[in-house]
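In the working numbering, the protein residues as written are 4 to 374. In this text, a Cβ means the ideal position worked out from N, Cα and C, and glycines have one as well. Reviewing the structure listed below.
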Amino acid sequence: MTVRQWLRVGLGLAALVGTLLLSAAPASAQEQPPNLPTVFSGSATGGGKAVPNGFTLVARIDTRYESAPVEVKDGRYELLVVAPDDQALIGQAVTFDLEGVLANQTATYQPGVVNTSFNLTFPKLPDPTPTPTATPTLTPVPTATPKVVFPAVYSGFIVVAGGVTPEGAVLVARVGSYESLPARIEGETFRNLIIDPQDSGLEGKTIEFMLNGVVSRTVDSYASGAVKRDLTLVFFDVPTPTPTPQPTFTPTPLPPTATPTITPTATPVPVSPTLTPVPVSPTLTPVPVSPTLTPVPVSPTLTPVPVFPTSAAAPQPTSALEQTTPQATPAASGGACGAPDVDAPITTGMTNFLLMVGPLAALGLYRRFRR
Numbered sequence: 004m005t006v007r008q009w010l011r012v013g014l015g016l017a018a019l020v021g022t023l024l025l026s027a028a029p030a031s032a033q034e035q036p037p038n039l040p041t042v043f044s045g046s047a048t049g050g051g052k053a054v055p056n057g058f059t060l061v062a063r064i065d066t067r068y069e070s071a072p073v074e075v076k077d078g079r080y081e082l083l084v085v086a087p088d089d090q091a092l093i094g095q096a097v098t099f100d101l102e103g104v105l106a107n108q109t110a111t112y113q114p115g116v117v118n119t120s121f122n123l124t125f126p127k128l129p130d131p132t133p134t135p136t137a138t139p140t141l142t143p144v145p146t147a148t149p150k151v152v153f154p155a156v157y158s159g160f161i162v163v164a165g166g167v168t169p170e171g172a173v174l175v176a177r178v179g180s181y182e183s184l185p186a187r188i189e190g191e192t193f194r195n196l197i198i199d200p201q202d203s204g205l206e207g208k209t210i211e212f213m214l215n216g217v218v219s220r221t222v223d224s225y226a227s228g229a230v231k232r233d234l235t236l237v238f239f240d241v242p243t244p245t246p247t248p249q250p251t252f253t254p255t256p257l258p259p260t261a262t263p264t265i266t267p268t269a270t271p272v273p274v275s276p277t278l279t280p281v282p283v284s285p286t287l288t289p290v291p292v293s294p295t296l297t298p299v300p301v302s303p304t305l306t307p308v309p310v311f312p313t314s315a316a317a318p319q320p321t322s323a324l325e326q327t328t329p330q331a332t333p334a335a336s337g338g339a340c341g342a343p344d345v346d347a348p349i350t351t352g353m354t355n356f357l358l359m360v361g362p363l364a365a366l367g368l369y370r371r372f373r374r
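As structure tokens, then:
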């Protein structure tokens, strides 16, 4: 053992003794003094090889005491202090544990013993699984505080090499596996292209702009909350869509299906024929009642005016010759209705006139009022 090692052991013992004395000073006189520590040092081999650096070694007395661990360096352990407070452990066996593997050697605890060449051999080295400290895997603190990212908004111009922006073109943006909603295109400009992947891991990644599936030569990097209003996107070989989508207007057969329903409702208009029975007017035509009034020939019945000849002057006496020779009756010379030419009073003529005209006037008035 070298001088340096002896000095380290001596300093360690002195520090332990001083600590024990200071801790025991305020104790009452009736209490027993604490046990002096026992110190072990020596080589450590496992499976015939020196124990690698990083393994730790502890000493135990039964199950009632365990020392502070010491680290093995360059195949040696130094200053393994055994200092139990229980005096009942004096004389008990001390075992040495190398991370779950017990040493072949044991010692007897005696206070105040310093053994600098207590070499330990272990049947094997500990399994390598305990060596990688699990603390780094247990500190995924970044996941506990996720970074909040905000959407980026783009607007600008679309430049299509050798042409114009096709009508009905679709412009989207991609970041990794994320694809945005289509932007609003008006002529050669676009706006409201919003990129919102909600993934902080995509911040700083490349943004690809696609017009009808063609990738733009212009790219950008995703930045949370970025707003750009003058981004110019350049595209080459953009296919122009064929106007085949017009067949979507063919569903016009809907109107024909609706027209049959209108015609049946309109046909019941034949209600108007029911008004044709106006033949009530023909019922008025039986005006032939007037013929019943035509028997104007009543006037002939009044013609027996011949009564008036009785008032004529008495016949003059004729000669015998005139009485014997019949004279021809003078022919009627005028008069009304074949009456003899007699001087009748005016009242009689007026009466006959009224009897002839009266029925005709009555018939005319009757027809007038019937209308």
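Cβ-Cβ separation, residue j to residue i (assumed contact under 8 Å), whole Å
i	j	result
N56	V75	7 Å
D221	L236	Looking at the sequence itself, residue 221 is Thr, so the reference to Asp does not match. The Cβ separation is near 5 Å, so the contact holds.
T48	E102	Actually they are not in contact, since the Cβ atoms of T48 and E102 sit about 15 Å apart, beyond 8 Å.
V97	V85	6 Å
T192	I161	7 Å
D100	R63	6 Å
F153	A176	Contact doesn't hold; Cβ gap of about 15 Å is too wide.
V61	P72	5 Å
Cα-Cα separation between residue i and residue j, rounded to whole angstroms
i	j	result
S158	S203	23 Å
V2	S227	Here the chain has residues from 4 to 374 only, and residue 2 is not among them.
T351	L357	10 Å
E170	I188	9 Å
L196	N215	15 Å
G166	K150	43 Å
N355	L363	14 Å
S180	P200	9 Å
D130	A229	53 Å
G78	T124	11 Å
T134	S120	Model confidence at T134 stands at a pLDDT of 49, short of 50, so the residue's coordinates are unreliable and nothing is read from them.
I198	S224	11 Å
E69	N38	15 Å
N118	S44	6 Å
E81	S46	9 Å
S183	V104	60 Å
L128	G50	6 Å
V116	P87	13 Å
V163	A155	24 Å
P114	I93	7 Å
T66	G207	58 Å
D1	L174	The displayed coordinates of the chain run from 4 to 374. Any statement about residue 1 would go beyond what the structure contains.
F372	M359	22 Å
A91	A106	24 Å
Q95	A110	8 Å
N122	K52	13 Å
L366	M353	20 Å
D233	T168	17 Å
A186	P242	18 Å
P126	V178	58 Å
F238	R194	17 Å
A380	K231	It is not possible to answer for residue 380, since the shown part of the chain is limited to 4 through 374.
Beta-bridge partners of residue i, as assigned by DSSP
i	result
V167	V167 pairs with nothing; no bridge assigned.
I197	V156
N118	F43
Y369	Y369 is not bridged to any residue.
D100	V61, L105
L363	According to DSSP, which records beta bridges pairwise, L363 is partnered with nothing at all.
G94	The partner list for G94 (beta bridge, DSSP) is empty, contrary to what the question assumes.
I161	L236
K76	R79
Y68	I64
F125	G49
L357	L357 is not bridged to any residue.
A176	F212
V151	Per DSSP, none; premise fails for V151.
Contained alpha helix (DSSP H) runs [length at least 4] in the stretch 178-234, N- to C-terminal order:
None, since the stretch 178-234 contains no complete alpha helix (DSSP H) of that length.
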